[in-house]
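Residues are numbered in the working numbering as their position in the sequence shown, beginning at 1, plus a constant of 2. We treat Cβ as the ideally placed atom computed from N, Cα and C, and that holds for glycine. Bear in mind that the values here come from a model prediction, so they are computed numbers and not experimental data.
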Amino acid sequence: MQLSLIDPEAFKDGFNLGEFLSGIANGVLDPKTQPAGPKPDSSTAAAAARVSLDKSRALLELFDKAESEALYAHGEISKSVSVLQNTLVADQAKHQKALSSCNRHSDKAREAFRQVEAHSNRVGQVSTRLGDRLQRADSLRSRALELVRLVEYLALFVQLPEGDSAFIEGLPWDDRKLAEAASIVHKLRALTSEVESAGERNRLAGAAAAAEDAAARAAATAAATATESLRASGGGAAPTTGTSTPAERRELAPALGSLEYGIRRLGQYCVWLENRVVNRFDQAVEDDNIRMMGECARIMAAFDREKAIIQRYISLLPVFQSSVDEMTWVREPPVAADDAVVSERLRPLSRLYGTLGDTVAVEAGRMSSIFPNVRAALQMLVAKAFEDRVLMALERLLEDTAEDAFSRSTSYSSGRPMDELHDMDEQYDSDSSGRYGRHRRGGGGGGGNHSDDDDYYDSDADDDTDGDDDGGGGGGGGGGVRGRRKPAAASKRRSPRRDGASVPAAVAAAARSQTAQGKMPPPAARPSGRGTSVPSVTIRTGHTSVMGLRMRHGRRASAAAALTANNGGGGGGGRRASSSGHSDGDSSGGPSVLALHLYLRLLAASYVRTGELAEQVEAATSGQVDVGGLVDSVFQQFLKLYPAPELQWLDLMAEKDLAPNYDSADPLFRPPLTLATAEGLIRRNAEAVQRCALLCPAAQVAASVRLLYVGEAPYDGRMPGSLLEHLPGYLIRGVEREMELTLQLDGKGDPAACNMFRLPPPPQPPPPPGYKGPPPPQPPPPQLMTRAAAAGAAQSYVSVRVAPVVRAVQCSGQAIKKLQEHHAKVVLPALDSSAPEISACAAGLGMGLRAVETAVLSVMQALVDMIVIQAEKVLMYEQKRSEFLPPDSHLDAALLDRPTDACLLVCALFEALGKVARESLGGSNLASFLLEVGMRMHATFLNHMQQFVYNAAGALRWRNDVNAYCEALRLWGSPLLDSRMGAVGALVGILVVEPDQLLPLINGTLRLDHREAIKYVRLRQDFHIARVQGRSLQQIFGSGDVVPGQPAAGLGTGPGPASAAVGPRFRAAGGGGAPVGG
């Protein structure tokens, strides 16, 4: 069939039904060529419908034809698809058959490969077993040959006659073959050792078997004897076997030809051979023949005697030939502890360290060419350098300073005698595993005590140390405490290292005393016979070491004197009997502050220098030696009780700064509060913390820093070493001292010089009875107060009585800021993120700051009270009733405009007080202080106003005074105070206006309750006579009852009690306006 409308290719990719239909119908709907003939008429609707009908018929015919072509094409394509499917099925069957055949062949091939691999594995295993057997056989053959050779040599030694000097045939005897001889002898000794071990085992087994046989025979004999004795008659005694003591048999020498003889002769040959090698080594060292030294070292290594030859080589080095005592050490008593003195005393140590470092660097290269085991040689060299040279040098460096630094009769910082501390040990035992056990025992780790017999310096029997003088006292972290200075002839002491002692006896005794007893709860009461003057030890746990701060620092001088008497004037915490016995001297057997400081600085500096030497040695040995462990072992005896020496130094320095009358009842004799002293306490604590971070092990740094900063209970000394037990108490006592001195002026000073007001003249004595002379002259009236005189009086009063207290508060605030900076910059970095210790230090700081703030607040409140009382006294003595009731005949415009004398003095006081407060305080503290004073004075002015009666002129003068008060207080810059004083000025209007203007003023402007207003209306002179619309002022504003506290007649009787201030509480002044506690 001919396809004219349907194209099968059109049904492939991209087929579109719309395009397909439009392609079929375009020939009818939109023919490209017009048919021949006339054009159809489509002008009318009927004609157009006929045209459309014709086209529709044509389309139907066309689509019928297209459908028949499509059915034909579908049939043809279906046939082609069926043929292709049949062909595909046939091809797939053929390929499946070929694939099955390939799988069968591959399975057969894999099975064959597996069989081949298993066979090869069996062959390999057999060959491996054969090879191992061959190797074992070869090694056994070689060992057998070697044993045969060794047995031959041993047979030669067995047959070698005693004293025969002839050489054994076949054994090397000349120097060139010493290495071969050493190898043979080493093997012979190993063989003889095995033979001796086997013989010993055989002897033991034979002895055990013989003992069993003997026991069996003895049991059989005993049974037979017992049976015969039972059968015997006559009751005769059983025969006894007599035993005789065998004579001591002398051990015979091994006979010639025996194995023991050969072993003995072999040992003699080994000694001879070792001596030959050592002599050659000494000669090689003298000639600096490295090749020969290496050969001898290898021979000694074959003898297993390499360590002995290494020790001999190290002992022959020049650095170990001289003694440390031959070096020039500074022995003079210290005059300072600055950097220059430390550098001077460290100069011999630096020279020694330089020599040691150079020696190790040179020998590290030489030893690699001499000794087979270079690592062991370097370890022994470095250990010899540190344990011998470094340790003895440190002892020589620190011994004299430690002897001056530590007390012979007291513990580190408790200040108590040693016998009393032994009693304390029986009551309060420290936990050996506790963090501060050594501080609690002996008052801060005194190092225990020991008698003269325990002195670790081997002194002669005629030493000048007697039995009454204990040689104890804290060794200062290992520096040791001597019973007494040795004479010049005995100044060269032997080192404890050379005597075989690892640590000084004082340190060892202290360590034993810390761990000897078990942990016991504290007793409820102190035993009798101890006395009540010594403060009792209070067990405090947790973070309560600053609790009761003011109570502890508030001890009376009597208890301090008793403590001084019990302490005997020595020790870190005890007080001296007088200022002449301060801690820099040691006339009473006490420690020297300067020597202790120098000892600590030398200890830290030597630790740094030793660390630098360790780094140099580690670099020279390429890290083959653990130098850090050697440094720790060297300093162990010096740091055993650390940081107790730091606490004692801080204790003694604080005692020196705050002595001698820290607890005096008279504040005049107590130490004044100065910023330099407070900064000194902080600076010394920072120095101690830095040394503590350097010297303490990493695991103990945080706890030790906390001990130096916060402290730890119990503590029985008066001057504890920690900063937060020194500084807050010093600040509290300093501020309270200035306030007490100021208040003492009221009772001990001149009233005219200590106050601003002028006292009235004393009353004239009455004339005697019958006196008819002229009357006594009246005292002259007081002169008018000028502004200059008022300013001078106020300036004098404020500078003498107010300024010292305010400056002390300013100093305490600055010290607190320094303390907070010290906490943030020094203490926290040293704690190294230890959460418990950081929390403890923060809690201790908060407690101390709160204690200081509480004390400062109480002092400032007392200062406010004193200022207000002074102002009230000025108003009481200087204010006259006539000033507010001037007679009409004495009215003077200039006098009315002039403030009263009391007003001039009070305003001058305000100006001087504001100036001093602004110089010393700042921020919220300044505002709180001035507002407190101002609010108290506001209540004083209201009370003072109600003490007088005013006429019109007097009211004007009172208004001038109030305006002056407002102007003076306005300079303080407090809006609240200005508004309160403005209200006082408005109240004056009640005294100034006419009676008929009172109601509008009180009800309108002032908005006062009539019960409140009547108190001020009564102060008018015309209160009883004025009428408003026929009514009296009493009828208008209230009842006729007298207001409580108000005089009925309206006469001035002097100021009454001031009402309480309503202003906000101020906080303790801190530098720059920062509160002390914040």
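Pick out whichever of the options has its Cα sitting closest to the Cα of residue i.
i: Lys-2; options: Ala-793, Leu-351, Leu-319 and Ala-146; result: Look at the range of the chain in this structure, 3 to 1080, and you will see that residue 2 is not part of it.
i: Met-329; options: Arg-293, Arg-391, Ala-339 and Asn-291; result: Arg-391
i: Phe-640; options: Phe-671, Val-627 and Ser-608; result: Ser-608
i: Arg-347; options: Cys-698, Pro-730, Leu-605 and Gly-682; result: Leu-605
i: Ala-656; options: Asp-15, Arg-982, Tyr-732 and Ala-929; result: Tyr-732
i: Ile-869; options: Glu-823, Arg-803 and Val-187; result: Arg-803
i: Leu-958; options: Asp-659, Val-990, Pro-838 and Ser-352; result: Val-990
i: Glu-276; options: Tyr-263, Met-294 and Phe-305; result: Phe-305
i: Leu-670; options: Gln-746, Cys-694 and Glu-681; result: Gln-746
i: Leu-632; options: Val-280, Leu-193, Phe-388 and Pro-674; result: Phe-388
i: Leu-847; options: Leu-709, Leu-132, Gln-137 and Ala-139; result: Leu-709
i: Val-800; options: Met-369, Leu-675 and Val-908; result: Val-908
i: Gln-872; options: Phe-943, Phe-759 and Gln-949; result: Phe-759
i: Arg-739; options: Ser-706, Ser-860 and Glu-365; result: Ser-860
i: Gln-1037; options: Arg-203, Arg-1022 and Ile-1016; result: Ile-1016
i: Ala-700; options: Leu-833, Ala-226 and Thr-676; result: Leu-833
i: Glu-617; options: Leu-786, Glu-11 and Gly-359; result: Gly-359
i: Lys-882; options: Asp-903, Arg-603, Asp-890 and Leu-898; result: Asp-903
i: Ile-316; options: Pro-336, Thr-361 and Ser-371; result: Thr-361
i: Thr-623; options: Val-610, Arg-938, Val-91 and Ala-366; result: Ala-366
i: Ala-303; options: Val-321, Gln-285, Ser-122 and Val-280; result: Val-280
i: Leu-31; options: Leu-64, Ser-45 and Gly-77; result: Leu-64
i: Ala-597; options: Glu-401, Lys-67 and Glu-119; result: Glu-401
i: Glu-921; options: Val-808, Leu-1000, Leu-1003 and Ser-70; result: Val-808
i: Val-619; options: Met-382, Met-862 and Ile-1004; result: Met-382
i: Ala-288; options: Arg-314, Arg-1033, Asp-659 and Arg-266; result: Contrary to the premise, residue 288 reads as Glu rather than Ala in this sequence. Out of Arg-314, Arg-1033, Asp-659 and Arg-266, Arg-314 has the C-alpha closest to the C-alpha of Glu-288.
Per DSSP, which residues does residue i bridge with? Please list them.
i: Arg-1022; result: Tyr-952
i: Arg-1033; result: Val-1030
Excluding the five sequence neighbours on either side, which residues of its own chain have a C-beta within less than 6 Å of the C-beta of residue i, listed in chain order?
i: Leu-1035; result: Val-1019, Phe-1025 and Ala-1028
i: Asn-18; result: none
i: Gln-626; result: Arg-377 and Leu-380
i: Val-964; result: Val-986, Gly-987 and Val-990
i: Gln-692; result: none
i: Gly-237; result: Confidence in Gly-237 is poor, its pLDDT being 43 and thus under 50, which makes the residue's placement unreliable; the coordinate value appears in the next sentence. Around Gly-237: no qualifying Cβ.
Could you give the C-beta distance for residue i and residue j, rounded to a whole number, given that I count them as a contact under 8 Å?
i: Phe-912; j: Ala-970; result: 4 Å
i: Ser-594; j: Asp-406; result: 5 Å
i: Leu-1082; j: Ile-26; result: Past the edges of the chain, shown from 3 to 1080, lies residue 1082, and the structure says nothing about it.
i: Leu-354; j: Ala-385; result: That pair is no contact at about 16 Å.
i: Lys-820; j: Ile-684; result: 5 Å
i: Val-737; j: Val-866; result: Incorrect: roughly 14 Å between the Cβ atoms, too far for contact.
i: Leu-933; j: Ser-976; result: 5 Å
i: Tyr-160; j: Tyr-263; result: The question names Tyr, but residue 160 is Val in the sequence shown. That belief holds up - the Cβ atoms of Val-160 and Tyr-263 are roughly 6 Å apart, short of 8 Å.
i: Thr-403; j: Tyr-601; result: 4 Å
i: Glu-839; j: Ala-966; result: That pair is no contact at about 59 Å.
i: Gly-713; j: Leu-697; result: Actually they do not touch by this definition, with Cβ atoms about 19 Å apart.
i: Trp-331; j: Arg-282; result: At roughly 40 Å, the Cβ-Cβ gap does not stay under 8 Å, so Trp-331 and Arg-282 are not in contact.
i: Leu-677; j: Gln-816; result: 6 Å
i: Val-343; j: Pro-335; result: Going by Cβ atoms, the distance from Val-343 to Pro-335 rounds to 11 Å, so no, they are not a contact pair.
With a CB to CB cut of under 7 Å and the five nearest residues on each side skipped, what residues in its chain are close to residue i?
i: Arg-686; result: Leu-652 and Met-655
i: Asp-9; result: none
i: Ser-324; result: none
Please return the same chain residues whose Cβ sits closer than 8 Å to the Cβ of residue i, not counting the five positions on each side in sequence.
i: Leu-268; result: Leu-156, Phe-159, Val-187, Leu-190, Arg-191 and Thr-194
In chain order, which alpha helix (DSSP H) runs of at least 4 residues are fully inside the region 795 to 824? Those alpha helix (DSSP H) runs which fall completely within the region 795 to 824 and span 4+ residues are 805 to 824.
Please list the segments of the alpha helix (DSSP H) lying wholly inside the region 622 to 679, counting only runs of 4 or more residues, in order along the chain. Runs found: 629 to 637 and 646 to 660.
Alpha helix (DSSP H) runs contained entirely in the region 307 to 338, provided each spans 4 or more residues: Runs of the alpha helix (DSSP H) lying entirely within the region 307 to 338, each at least 4 residues long, are 308 to 317 in chain order.
Please list the segments of the alpha helix (DSSP H) lying wholly inside the region 890 to 941, counting only runs of 4 or more residues, in order along the chain. Runs of the alpha helix (DSSP H) lying entirely within the region 890 to 941 and spanning at least 4 residues, in chain order: 895 to 899 and 903 to 922.
Length-filtered (4 minimum) alpha helix (DSSP H) runs lying within the region 828 to 865: Complete alpha helix (DSSP H) runs here, min 4: 830 to 833.
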